[in-house]
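In what follows, a single structure is set out as structure tokens and then discussed.
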DNA sequence: TCAAAAGTGTTTCTCGTACACCCATGT
DNA sequence: ACATGGGTGTACGAGAAACACTTTTGA
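Residue numbers (my numbering), protein chains in the order written: chain A, 517 to 752; chain B, 517 to 752.
Given below as structure tokens:
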């Protein structure tokens, strides 16, 4: 007996299909605190509740036009929801959530993504066209969210915590030039623990030696002694 | 102006929807070689070509019945394609591939998963009901696959390579009891590099001290000196 | 001059890597 | 007896962790 494979039979074209959405967990670090962008819903269900920004993937009307890729959908939604231009934020696919009844109206499968927005760009987001309904929310005071969005946020936090130590994603959460302390605060915000200043400095030094970061001109004004500033080196 | 969010408007229910499939990259290690399970397609498009096993997510016909979860769909397909009972293999979501025209007939978004099958169970798979069209294929001799399946396989390999060193997934690719050398060969197959025997032994010893693995009764017969056997300890 | 934050030094432990060597067993 | 693979020892270096210390600045 031959088993079904992903394109067994063209009659499958008539089978019921789910709606497919992208949802975004958009992180930034403000005031040494990890925050995500929430949207207040204007329609039922969950009207008035907070939720993750997102939208449906644009699918063409059939064979001739198949629409946008899911990556394109995620980038487009990120741009629409934040007002930031493409490439201003780091975007990565997280997980696809597809439990039945996660949306009471119909079957919706949601491809979740997370994005990292630099703190110097974060204020521009709330000042954007959707200001009234969008807000940066500290994880410590996260409200109950619509649908399974709390679960999605939880998954995103676990992902970023696991990734920050071995992938250069922390640089997406600091300004273009940054001090040792500023980068350390990003790590502390994400891991929600304090780091030894001296030890982190040595770790920073290794990144400097590897060429991952380099010193930038100028100094950062602080409450006391001005600090040297560095920049991320995308090559090597 | 209010922005679109994932459930803005119920009129969205009438928008065109994509078909949603699950595709599986099923790994095992046979003869110190990392292999994946391929299916030979019986229908167009790509008839006769090799492809990943998979199938469509079952979506109910609307509001009342919304069908199975995507996790359920992946487990079901794994069971159907391999004949192995639930829980016999490790299964984890990989990435969702959704480029337009990846299937020429219609818009298909595929949620890819990878599975790890123990080598003692792998022979049962090819002996299953779909034997004529299923085959374990060495990665070194992977043929061109249908659709974007080569790309999916590539992504799966990168994932498992990155994960084996910090997550206890190697134990899903050895028999219930295993020797130090057997576990080492799994690492070597996945990373495609040789490991120092002495050093790997020390690493193994640490896992033993941590309680991650424990000694099992009996010895494994080899070409020379019989080796001690161990088992994975799922607790702690 | 004092607090605050930048920046340095020291010590200890764990772990990865390289490499040499001994031991038990089947042929 | 000898090859094969199991099992052990040693030495070096990178890096995580704990903690004490010095230096530079603004107020």
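Beta carbons: idealized from backbone N, C-alpha and C, even for Gly.
Collapsed DSSP secondary structure at residue i in the structure displayed
i             : result
residue 741/A : coil
residue 726/A : helix
residue 656/A : helix
residue 609/A : strand
residue 689/B : helix
residue 683/B : coil
residue 650/B : strand
residue 751/B : coil
residue 618/B : coil
residue 736/B : strand
residue 746/A : strand
Alpha-carbon spacing of residue i relative to residue j, whole angstroms
i             : j             : result
residue 697/A : residue 715/A : 12 Å
residue 541/A : residue 731/B : 44 Å
residue 557/A : residue 694/A : 36 Å
residue 733/B : residue 744/B : 8 Å
residue 639/B : residue 703/B : 21 Å
residue 590/A : residue 608/A : 9 Å
residue 534/B : residue 535/A : 7 Å
residue 670/A : residue 740/B : 51 Å
residue 692/A : residue 613/B : 32 Å
residue 683/A : residue 738/B : 41 Å
residue 599/B : residue 628/B : 19 Å
residue 587/A : residue 751/A : 24 Å
residue 666/A : residue 676/A : 16 Å
residue 725/B : residue 575/A : 53 Å
residue 471/B : residue 580/B : The requested residue 471/B does not occur in the structure, where chain B is confined to residues 517 to 752.
residue 532/A : residue 625/B : 14 Å
residue 604/B : residue 722/B : 27 Å
Sub-7 Å separation of residue i and residue j beta-carbons
i             : j             : result
residue 477/B : residue 539/B : Because chain B in this structure spans residues 517 to 752, residue 477/B falls outside the shown range and cannot be described.
residue 555/B : residue 653/B : no
residue 680/A : residue 672/A : no
residue 699/B : residue 632/B : no
residue 658/B : residue 550/B : no
residue 544/B : residue 635/B : yes
residue 618/B : residue 664/B : yes
residue 562/B : residue 650/B : no
residue 746/A : residue 729/A : yes
residue 585/B : residue 547/A : no
Terminal residues of the alpha helix (DSSP H) in which residue i lies
i             : result
residue 669/A : 665-679
residue 594/A : 586-598
residue 706/B : 696-707
residue 641/B : 638-642
Neighbour flag for residue i against chain A, beta carbons, 7 Å
i             : result
residue 642/B : no
residue 535/B : yes
residue 583/B : yes
residue 664/B : no
residue 685/B : no
residue 660/B : no
residue 671/B : no
residue 627/B : yes
residue 532/B : yes
residue 738/B : no
Residue interval of the beta strand (DSSP E) (run including residue i)
i             : result
residue 544/B : 535-546
residue 628/B : 624-632
residue 556/A : 549-556
residue 531/A : That residue, residue 531/A, is in no beta strand (DSSP E); it is neither H nor E in DSSP.
residue 459/B : No answer is possible for residue 459/B: it lies beyond the span of chain B, which begins at 517 and ends at 752.
beta-carbon residue i near the ligand GDP non-hydrogen atom, thresh 6 Å
i             : result
residue 628/A : This structure does not include the ligand GDP; it has no bound ligands of any sort.
Contact with chain B by residue i, beta-carbon distance below 7 Å
i             : result
residue 592/A : no
residue 712/A : no
residue 677/A : no
residue 577/A : yes
residue 598/A : no
residue 616/A : yes
residue 702/A : no
residue 623/A : yes
residue 586/A : yes
residue 548/A : no
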